[in-house]
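There are 2 protein chains.
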Amino acid sequence: MTAVNRQIRLARRPVGEVRAEDWTHGSEAVPTAGEGEFVGRTRYLSLDPAMRGWLDDRPSYLPPVGIGEVMRAGSVVEVVESRHPKYRVGDHVVGTFGVQEYALSDGRGTLKVDPALAPLSTYLGALGMPGMTAYFGLLDVGALKEGETVVVSGAAGAVGTMVGQIAKVKGCRVVGIAGGPDKCALLTGELGFDAAIDYRAEDVRKALRTHAPDGIDVYFDNVGGEILDAALTRLAMHARVVVCGAISQYNNETAVQGPSNYLSLLVRRARMEGFVVFDYARRYPEAAKELAGWIGAGRIKVKEHVLDGGVDDFPAALGMLFRGENTGKLVLRLA
Amino acid sequence: MTAVNRQIRLARRPVGEVRAEDWTHGSEAVPTAGEGEFVGRTRYLSLDPAMRGWLDDRPSYLPPVGIGEVMRAGSVVEVVESRHPKYRVGDHVVGTFGVQEYALSDGRGTLKVDPALAPLSTYLGALGMPGMTAYFGLLDVGALKEGETVVVSGAAGAVGTMVGQIAKVKGCRVVGIAGGPDKCALLTGELGFDAAIDYRAEDVRKALRTHAPDGIDVYFDNVGGEILDAALTRLAMHARVVVCGAISQYNNETAVQGPSNYLSLLVRRARMEGFVVFDYARRYPEAAKELAGWIGAGRIKVKEHVLDGGVDDFPAALGMLFRGENTGKLVLRLA
Numbered sequence: 000m001t002a003v004n005r006q007i008r009l010a011r012r013p014v015g016e017v018r019a020e021d022w023t024h025g026s027e028a029v030p031t032a033g034e035g036e037f038v039g040r041t042r043y044l045s046l047d048p049a050m051r052g053w054l055d056d057r058p059s060y061l062p063p064v065g066i067g068e069v070m071r072a073g074s075v076v077e078v079v080e081s082r083h084p085k086y087r088v089g090d091h092v093v094g095t096f097g098v099q100e101y102a103l104s105d106g107r108g109t110l111k112v113d114p115a116l117a118p119l120s121t122y123l124g125a126l127g128m129p130g131m132t133a134y135f136g137l138l139d140v141g142a143l144k145e146g147e148t149v150v151v152s153g154a155a156g157a158v159g160t161m162v163g164q165i166a167k168v169k170g171c172r173v174v175g176i177a178g179g180p181d182k183c184a185l186l187t188g189e190l191g192f193d194a195a196i197d198y199r200a201e202d203v204r205k206a207l208r209t210h211a212p213d214g215i216d217v218y219f220d221n222v223g224g225e226i227l228d229a230a231l232t233r234l235a236m237h238a239r240v241v242v243c244g245a246i247s248q249y250n251n252e253t254a255v256q257g258p259s260n261y262l263s264l265l266v267r268r269a270r271m272e273g274f275v276v277f278d279y280a281r282r283y284p285e286a287a288k289e290l291a292g293w294i295g296a297g298r299i300k301v302k303e304h305v306l307d308g309g310v311d312d313f314p315a316a317l318g319m320l321f322r323g324e325n326t327g328k329l330v331l332r333l334a
Numbered sequence: 000m001t002a003v004n005r006q007i008r009l010a011r012r013p014v015g016e017v018r019a020e021d022w023t024h025g026s027e028a029v030p031t032a033g034e035g036e037f038v039g040r041t042r043y044l045s046l047d048p049a050m051r052g053w054l055d056d057r058p059s060y061l062p063p064v065g066i067g068e069v070m071r072a073g074s075v076v077e078v079v080e081s082r083h084p085k086y087r088v089g090d091h092v093v094g095t096f097g098v099q100e101y102a103l104s105d106g107r108g109t110l111k112v113d114p115a116l117a118p119l120s121t122y123l124g125a126l127g128m129p130g131m132t133a134y135f136g137l138l139d140v141g142a143l144k145e146g147e148t149v150v151v152s153g154a155a156g157a158v159g160t161m162v163g164q165i166a167k168v169k170g171c172r173v174v175g176i177a178g179g180p181d182k183c184a185l186l187t188g189e190l191g192f193d194a195a196i197d198y199r200a201e202d203v204r205k206a207l208r209t210h211a212p213d214g215i216d217v218y219f220d221n222v223g224g225e226i227l228d229a230a231l232t233r234l235a236m237h238a239r240v241v242v243c244g245a246i247s248q249y250n251n252e253t254a255v256q257g258p259s260n261y262l263s264l265l266v267r268r269a270r271m272e273g274f275v276v277f278d279y280a281r282r283y284p285e286a287a288k289e290l291a292g293w294i295g296a297g298r299i300k301v302k303e304h305v306l307d308g309g310v311d312d313f314p315a316a317l318g319m320l321f322r323g324e325n326t327g328k329l330v331l332r333l334a
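For the record, the sequence lines run as chains A and B.
All residue numbers for the first sequence refer to numbering that gives the first Met the number 0, where the first residue is 0 and numbers rise by one.
All residue numbers for the second sequence refer to numbering that gives the first Met the number 0, where the first residue is 0 and numbers rise by one.
Structure representation (structure tokens):
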């Protein structure tokens, strides 16, 4: 009996919300490592809002996933066969291995990780892309200074939970915007945010007036749309708006909703700046070391939303992100 | 017979386009200078797109003009009476003296100018606020570097003509966006722009692909709306979008059109930044000296659109700006 590698491939380009029919569920034989290669078995699969953008055929920071290709995804794999000089069977490796049970790799763009130092899933969240995104977005792009007021949207998500907690470590006032009372309670409770705004129940603009009375110095935006527009009305002088994502707009079938209040950038002498975390790749070790220190000291809590299942559960899990059903980093743990 | 001071006052807040009924035409006796004051007679009155924003009752970088108040305007006056230690009768002074034939001033925020060094109107244009706006917006906010590609909208206006020519002095490729063949011919002819796009006749997005094939490094935006959105699709990596104004949106009766393509800031690792020229007041002399040098050397051409009339012609003249009927700096020369 040949071992089987189940895979999720892109069947067609989604229009608006991603549907079950946009994917093909299939399988191949498990690959065999050639010279300089290894085969990894997927242990944890990452689910990220950015994945929606990878499905559209338009210019972006990465080429779109091709029709018929295995869906791009970050994951942690365990090496099951190796002819690679740096990796041995039993090693754990993080990389962009795709939505499949087994992946063949020549090691490029991968990193060996140690399950004794941190739980494997952490390398997809707090110590992975979301952690790096929060760290460089807030500190480099946002140029955060001690004592400033930081507002983050998508605050209970993988990036948002990290942004708020890093800002607290840096001595800032932190306001999180999230959907629902449970998420808000998490933010102001366990995660130590100064205030939380439930955008489903509150008028965000009014709530920002209450919770950021002196204006927002750094607004870290994960959501776009109306919440971005509300934040723009409350900028402090020389504010920085960090454009990390716009999850509210990713499933739009019409044009993205542009920020109608962008002229407040002029009135408040403020800037709005975008970034892509990959540009900071050389500095990941620096960030990972600092974040791991804060986590070890209990100053940052790692929030993960772990689903148990198989690669066939990927489409349903992805949908959870866009309905705001996850709290913290969403990962799929493979049996 | 007492000399009369004709004045234009704001009668009510305009909704959308400014109408004749939004103004009151009236007169008062010419004021008399008290100790430390002078009276100036208006020679040149400035017309600026920013005036539209000053009429709305909402938070901005200046308080709105109050109902019943003399309309705020920059002007050059000739001193006709003085009890001010620094100003003598016959001196010419630039300041925010309002839409009236005579103004009383204690000298704060004013500057004596020399008609022997430059024509008086220049102090409202190339060597005045529009010149300062172009200079600091392009060089400081835009952080322009030699050899970059600059695109400016409202290119045939007071600020735009200066932005493009300063960028040429700095060794850049310059593309101007303006309305109509005459303006475009001026840009690529007398003003030395590398290319001009007639937004009324051309698809701006396609034309930018042709004229800025390597992308836009600095986009200096005076207009907002669809042209801003077109420019956002053509940003080079690490581009700077300078938000100077949004004349296409000032008369909107509905919300400002937000830039739907703002997520290209993320893809292109770019920033969009606003500014208010008043913040650079301490550095005006430095800019004026450099600009005067370039003008004197024939490297920058001063473009002015001079109307002859009285303060009663102010409302009609202001309307010309929003219909794009001016080329270069629009001023009203009083008889």
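We put the CB at the ideal spot given by N, CA and C, even for glycine.
Not flagged as an interface residue toward chain B: Pro284 (chain A), since no C-beta distance is shorter than 7 Å.
The straight-line gap separating the alpha-carbon atoms of Ala291 (chain B) and Leu138 (chain B) is approximately 16 Å. A Cβ-Cβ contact shorter than 7 Å links Thr148 (chain B) with Ala211 (chain B). Leaving aside the five residues that flank Pro114 (chain A) on each side, the residues in its chain whose CB is nearer than 8 Å to its CB run, in chain order, His91.
Annotation: Leu227 (chain A) to Asp202 (chain A) spans about 13 Å, alpha carbon to alpha carbon. Taken through DSSP and simplified to helix, strand or coil, Asp278 (chain A) comes out as helix. Per the DSSP secondary-structure output, Tyr101 (chain A) pairs in a beta bridge with A:Arg40. Of the candidates A:Ser26, A:Tyr43, A:Leu54, A:Leu54 places its Cα closest to the Cα of Val17 (chain A). Unbroken beta strand (DSSP E) runs of no fewer than 3 residues, entirely contained in the stretch 112 to 186 of chain B, are found at 148 to 152, 172 to 177, following chain order. At a beta-carbon threshold of 8 Å, the residues of chain B lying near Phe274 (chain A) are Leu265, Arg268, ordered along the chain.
The C-beta separation of Ala177 (chain B) from Cys171 (chain B) comes to about 18 Å, leaving the pair out of contact by the 8 Å criterion. Judged by DSSP secondary structure, Ala72 (chain B) falls outside any alpha helix (DSSP H); it is assigned neither H nor E.
Close to chain B, meaning a Cβ-Cβ distance shorter than 8 Å, are the following residues of the stretch 45 to 77 of chain A: Pro58, Ser59, Tyr60.
Of all residues in the stretch 212 to 238 of chain A, the ones placed with a Cβ closer than 8 Å to any Cβ belonging to chain B are Gly223, Asp228, in chain order. Proximity to Pro284 (chain B) across B:Val98, B:Thr31, B:Phe135 peaks at B:Phe135, based on C-alpha coordinates. The beta carbon of Arg208 (chain B) sits closer than 8 Å to the beta carbons of Arg233 from its chain, once the five residues preceding and following it are set aside; these are given in chain order. For the 7 Å CB-CB criterion, Ser247 (chain B) and Gly224 (chain B) form a contact. Contacts between Pro314 (chain B) and chain A, judged by CB atoms closer than 8 Å, are missing: the closest CB pair is about 24 Å apart. Close to Met271 (chain B), with beta-carbon spacing below 8 Å, are these residues of chain A in chain order: Tyr261, Leu264, Arg270, Met271, Glu272. Closest in C-alpha terms to Gly97 (chain A), from the list A:Val88, A:Val76, A:Ala125, comes A:Val76. Residue burial annotation: Arg281 (chain A) is exposed, with fewer than 16 other C-beta atoms found within 10 angstroms of its C-beta.
With contacts defined as CB atoms closer than 7 Å, Val88 (chain A) and Ala133 (chain A) fail to qualify as a contacting pair. At least one C-beta of chain B is nearer than 7 Å to the C-beta of Pro258 (chain A). Secondary structure note for Ser26 (chain A): its beta strand (DSSP E) is the uninterrupted segment 22 to 28. In this structure, the beta-carbon distance from Glu189 (chain A) to Lys300 (chain A) falls below 7 Å. Residues of the stretch 168 to 183 of chain B with a C-beta less than 9 Å from any C-beta of chain A: none at all. Note on geometry: alpha-carbon atoms of Leu185 (chain A) and Gly191 (chain A) lie some 8 Å from one another. In summary, Val14 (chain A) is exposed, with fewer than 16 beta-carbon neighbours lying within 10 Å of its beta-carbon over all protein chains present.
Contacts between Asp278 (chain A) and chain B, judged by CB atoms closer than 9 Å, involve Arg268 in chain order.
From the beta-carbon of Ala254 (chain B), the residues of chain A found nearer than 7 Å are Ser259.
Between the alpha carbons of Phe313 (chain A) and Leu320 (chain A) lies a gap of roughly 11 Å.
The C-beta of Ala315 (chain B) has fewer than 16 other C-beta atoms within 10 Å across all chains shown, which makes the residue exposed. Closer than 7 Å to the CB of Ala245 (chain B) there is at least one CB belonging to chain A.
Taking a contact as a CB-CB distance under 8 Å, the pair Tyr101 (chain A) and Val38 (chain A) counts as one, their CB atoms being some 6 Å apart.
In the DSSP assignment, Gly318 (chain B) falls within the alpha helix (DSSP H) that extends over 313 to 321. Around the beta carbon of Ala230 (chain A), 16 or more other beta carbons lie within 10 angstroms, which makes this residue buried.
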